[in-house]
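One rule links them: number in the numbering used here = place in the sequence shown (from 1) + 2. The beta-carbon is built from N, C-alpha and C at its ideal position, and this holds for glycine as well.
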Amino acid sequence: MRPISPSLRDLCTILDHHFHFSLQVRRRLQNKLVSRRKLAKWWSELHPQARHNLRDS
């Protein structure tokens, strides 16, 4: 799985804040069982400011 700019862990953290993922979904994300397309979709739905902040940190 090619990384989408942030690390998977950072992405999980931010997605969790935005989508209030259940523990099960988080676990699947961490185990890389979520498709790259779905991950990219979530990432693209994030508020642009959140992506900007992640890039700066």
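| Query | Result |
| --- | --- |
| Rounded to whole angstroms, what's the CA-CA distance from LEU31 to CYS14? Just pull it up for me. | 7 Å |
| Identify the continuous alpha helix (DSSP H) that holds SER46 and give its terminal residues. | 38–47 |
| Tell me whether the beta-carbon of LEU66 lies closer than 7 Å to the beta-carbon of TRP44. | This structure gives no information on residue 66, because the portion of the chain shown stretches from 3 to 59. |
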